[in-house]
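Student: Take this structure, written in structure tokens, and hold onto it; I'll ask about it next.
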């Protein structure tokens, strides 16, 4: 029997139309059921810039898409109004937009909206992604074992004028050398490249103006910054994707005398540590376990910028994350994405600050709250109240030591009598460099050093004890150190402490009180790590002062 292919094709087309009609009817009924609007995106314009507001992976997971935006309003199309992931995304959008219009659509319409996401080929240009192949990464790691190796590679690529290779080189090298920041600094005659490794800046290389201009444009393009603006600071973010993982790069552009300074902060998820990996002593770990197990109260981590406070807080969150607990954060910015935790980011331009964010979080019935920083009375007062009303609240405060927490909160306007009952513990910390395991040596402590150790530790040490010396080799780029570890002191609030601080004592009086009650200091912890062969006396004195 002869087959009429034209007739068969016509029948298939007719069936497709029926399926489309049925699909749209289901979407209409769903919209009516939930009191929402319905739209067929086949007949409605879709803005690509609106679609890209929601990351593609999140949009597909939640079966929704932003379709139009204008000013403070946004329109969102979704498949299932009861999808929990969709609800979370809509809640986050409410913090950025004053007006949100929600439409129910069919799966066919949703696919049309998703088609506006850039293809894999275009992602690097449009959505801020740099892909580095496993082969390239292995080549970079094999050829760059030290800063000297990096300098040679930068010099070679600079001669070739290949800016894409320089970007890949810098990003891959930051992983190989464990650099936290990449700095590109224009000077009068040359462009200076430096890396921050283990907290200290290291000179790498210099290159010419042409390479710098190409690199600047490249960073701006990846970060979503304005290319033609040169006289104001700009910030952005982009991703570097490898075969099995992804790192985020936080970029900052700052105008200077000779051009725009570029700083790239490398947010490597592999740098996230567990509580046990932070370098906390066993006796202090028992205190932390006890205080983080309490259902309510406030835990504050203090120290200057770059002392590892965020790493410590994230380690606590990883420890506390359980299916039966609701954890919400408000951060500035979100540095690492943690599974199982609802994270939000401050947006001062739309009124979402630490203070307003904390108040909004309290309406979400959380068990555990993280506030990125307490920096004003309103945030401090709300945090105190949250701690007293059944929530465990974690945050940071800028003080030099744990004793400084009370005077700092009082300076912000908090009643001293309220601090004791709300506070579980305050942790002060610093980061010190570890001696290189390949080149470090031991030497006998001098008589003066023996006396110093006895005074700090409060006990005699064995005669002729030894302490580490940093030497320097190719493995540590001749620094004598490789990686960092934390030193800590912990203030635990109790009834005696509550009574003591109610009279608003001075910081000197608080330090004396804590010393009498047995709290060990940052220097005490640092000196123990010297005796353990982890670091040097010079390094502890560099971080804490001699």
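Numbering (our numbering), first residue to last: 41 to 586.
We treat Cβ as the ideally placed atom computed from N, Cα and C, and that holds for glycine.
How far does the beta strand (DSSP E) with residue 564 in it reach, from first residue to last?
Tutor: Within the chain shown, numbered from 1, the residue matching residue 564 stands at position 524. Not the beta strand (DSSP E): residue 564 falls in the alpha helix (DSSP H), residues 562 to 571.
Student: Looking only at its chain, what residues have a beta carbon closer than 7 Å to the beta carbon of residue 464, apart from the 5 residues adjacent to it on each side?
Tutor: Your numbering for residue 464 matches position 424 in the chain shown. Around residue 464: 331, 334, 337, 338, 339 and 533.
Student: Could you tell me whether the Cβ atoms of residue 141 and residue 115 are closer together than 9 Å?
Tutor: Along the chain shown, read from residue 1 onward, the residue named residue 141 stands at position 101. Along the chain shown, read from residue 1 onward, the residue named residue 115 stands at position 75. A contact, by the Cβ cut-off of 9 Å.
Student: For residue 234, report the span of its beta strand (DSSP E) as first-last.
Tutor: As a position in the chain shown, residue 234 is number 194, starting the count at 1. 231 to 237 is the extent of the beta strand (DSSP E) around residue 234.
Student: Is the region 416 to 426 touching the region 384 to 391, taking contact as three or more C-beta pairs under 8 Å?
Tutor: no
Student: CA-CA distance, residue 64 and residue 84?
Tutor: Position 24 of the chain shown, counted from the start, is the residue given in the question as residue 64. Position 44 of the chain shown, counted from the start, is the residue given in the question as residue 84. So the two alpha carbons sit approximately 14 Å from each other.
Student: Grab me the residues of residue 108's own chain with a C-beta within less than 6 Å of its C-beta, minus the 5 sequence neighbours each way, in chain order.
Tutor: The residue labelled residue 108 in the question sits at position 68 within the chain shown. These residues qualify, in order along the chain: 87, 90 and 115.
Student: Please give me, in chain order, every unbroken run of the beta strand (DSSP E) with length at least 3 that falls completely inside the region 101 to 140.
Tutor: For the region 101 to 140, whole beta strand (DSSP E) runs of length 3 or above, ordered along the chain, are 104 to 110 and 113 to 118.
Student: Start and end of the beta strand (DSSP E) containing residue 225?
Tutor: Along the chain shown, read from residue 1 onward, the residue named residue 225 stands at position 185. Note, residue 225: beta strand (DSSP E), 219 to 226.
Student: Excluding the 5 residues flanking residue 589 on each side, which residues of the same chain have their C-beta closer than 8 Å to its C-beta?
Tutor: Not covered by the structure: residue 589. The range shown for the chain is 41 to 586.
Student: Quick one: any contact between the region 564 to 584 and the region 358 to 374, if contact means 3 or more CB pairs under 8 Å?
Tutor: no
Student: How long is the line joining the alpha carbons of residue 389 and residue 403, rounded to whole angstroms?
Tutor: As a first step, residue 389 must be located in the chain shown, where it is residue number 349. As a first step, residue 403 must be located in the chain shown, where it is residue number 363. Taking the straight line from one Cα to the other gives about 22 Å.
Student: Restricting to Cα atoms, I'd like to know which of 551, 467 and 301 is closest to residue 231.
Tutor: To locate residue 231, count along the chain shown from 1; it is residue 191. Closest option to residue 231, Cα to Cα, is 301.
Student: Name the residue from 328, 392, 470 and 397 whose alpha carbon lies nearest to the alpha carbon of residue 345.
Tutor: Position 305 of the chain shown, counted from the first residue, corresponds to residue 345. Comparing Cα positions, the closest option is 470.
Student: Given a cut-off of 9 Å, decide if residue 123 and residue 104 are closer than it, judged by their beta-carbon atoms.
Tutor: The residue you call residue 104 lines up with position 64 of the chain shown. The residue you call residue 123 lines up with position 83 of the chain shown. Yes; because the gap between Cβ atoms is below 9 Å, this pair is in contact.
Student: Report the residue from 473, 443 and 310 whose alpha carbon sits nearest the alpha carbon of residue 351.
Tutor: Position 311 of the chain shown, counted from the start, is the residue given in the question as residue 351. The shortest Cα separation from residue 351 among 473, 443 and 310 belongs to 310.
Student: Indicate the three-state DSSP secondary structure (helix, strand or coil) for residue 577 in the structure shown.
Tutor: In the chain shown, residue 577 corresponds to position 537, counting from 1. Note: residue 577 maps to helix in three-state DSSP.
Student: Please state the DSSP three-state secondary structure of residue 510.
Tutor: Here residue 510 is taken as the residue at index 470 of the chain shown, counted from 1. Of the three classes helix, strand and coil, the one that applies to residue 510 here is coil, per DSSP.
Student: Sorted by chain position, which residues of the same chain lie with C-beta nearer than 8 Å to residue 101's C-beta, five sequence neighbours on each side aside?
Tutor: The sequence position of residue 101 within the chain shown is 61, counting from 1. So the list reads 125, once near-sequence residues are dropped.
Student: Which value, in whole angstroms, describes the spacing of the CA atoms of residue 509 and residue 578?
Tutor: As a working mapping, residue 509 is identified with position 469 in the chain shown. As a working mapping, residue 578 is identified with position 538 in the chain shown. In a straight line, the C-alpha of residue 509 is about 9 Å away from that of residue 578.
Student: What's the call for residue 286, buried or exposed, on a 16-neighbour Cβ count within 10 Å?
Tutor: Along the chain shown, read from residue 1 onward, the residue named residue 286 stands at position 246. Per the 10 Å Cβ criterion, exposed.
Student: Assuming residue 214 and residue 180 form a contact by the criterion Cβ under 8 Å, report the distance between their Cβ atoms to the nearest whole angstrom.
Tutor: Taking the chain shown and counting its residues from 1, the one referred to as residue 214 is at position 174. Taking the chain shown and counting its residues from 1, the one referred to as residue 180 is at position 140. Going by Cβ atoms, the distance from residue 214 to residue 180 rounds to 10 Å, so no, they are not a contact pair.
Student: Residue ranges of each beta strand (DSSP E) run of no fewer than 3 residues wholly in the region 381 to 420, ordered along the chain?
Tutor: 382 to 385 and 408 to 411
Student: Decide if residue 272 is buried, meaning its Cβ has at least 16 other Cβ atoms within 10 Å, or exposed.
Tutor: Numbered from 1 along the chain shown, position 232 holds the residue referred to as residue 272. Its Cβ having fewer than 16 others within 10 Å, residue 272 is exposed.
Student: So if DSSP puts residue 307 in a beta bridge, which residue, or which two residues, is it bridged to?
Tutor: Within the chain shown, residue 307 is the residue found at index 267, counting from 1. Beta-bridge pairing links residue 307 to 288.
Student: May I ask you to verify whether the region 515 to 532 touches the region 465 to 484, counting CB pairs closer than 8 Å and requiring at least 3?
Tutor: yes
Student: Using the C-alpha atoms, what's the distance from residue 205 back to residue 255?
Tutor: Working through the chain shown from its first residue, we reach residue 255 at position 215. Working through the chain shown from its first residue, we reach residue 205 at position 165. The C-alpha of residue 255 lies about 10 Å from the C-alpha of residue 205.
Student: Distance, Cα to Cα, residue 144 vs residue 98?
Tutor: Reading the chain shown from its first residue, position 104 is the one you call residue 144. Reading the chain shown from its first residue, position 58 is the one you call residue 98. Straight-line Cα distance between these residues: approximately 18 Å.
Student: Looking at C-alpha atoms only, which residue of 137, 270, 134 and 282 is the closest neighbour of residue 177?
Tutor: One-based indexing of the chain shown puts residue 177 at position 137. If we check each option's Cα against that of residue 177, 282 comes out closest.
Student: With respect to the beta strand (DSSP E) encompassing residue 484, which residues constitute its N-terminal and C-terminal limits?
Tutor: One-based indexing of the chain shown puts residue 484 at position 444. From DSSP, the beta strand (DSSP E) with residue 484 extends over 481 to 484.
Student: Figure out for me which residue from 270, 288 and 268 has the closest Cα to the Cα of residue 276.
Tutor: For this step, residue 276 is matched to residue 236 along the chain shown. Considering only alpha carbons, the answer is 288.
Student: Output the distance between the C-alpha atoms of residue 258 and residue 251, rounded to the nearest integer angstrom.
Tutor: Against the chain shown, residue 258 aligns to sequence position 218. Against the chain shown, residue 251 aligns to sequence position 211. Distance between the alpha carbons of residue 258 and residue 251 is about 10 Å.
Student: Give the straight-line distance between the Cα atoms of residue 112 and residue 586, rounded to the nearest whole angstrom.
Tutor: Within the chain shown, residue 112 is the residue found at index 72, counting from 1. Within the chain shown, residue 586 is the residue found at index 546, counting from 1. Each residue's alpha carbon lies about 54 Å from the other.
Student: Determine the contact status of residue 187 and residue 211, defining contact as a CB-CB distance below 9 Å.
Tutor: Position 147 of the chain shown, counting from 1, holds the residue named residue 187. Position 171 of the chain shown, counting from 1, holds the residue named residue 211. No.
Student: Kindly indicate which residue of 480, 499 and 358 has the alpha-carbon position closest to the one of residue 312.
Tutor: Taking the first residue of the chain shown as 1, we reach residue 312 at position 272. When only C-alpha atoms are compared, the closest one is 358.
Student: In chain order, what residues of the same chain lie with their CB nearer than 6 Å to the CB of residue 436, ignoring the 5 residues before and after it?
Tutor: Looking up residue 436 in the chain shown gives position 396. Counting only Cβ-Cβ distances below 6 Å, and skipping sequence neighbours, we find 341, 349 and 413.
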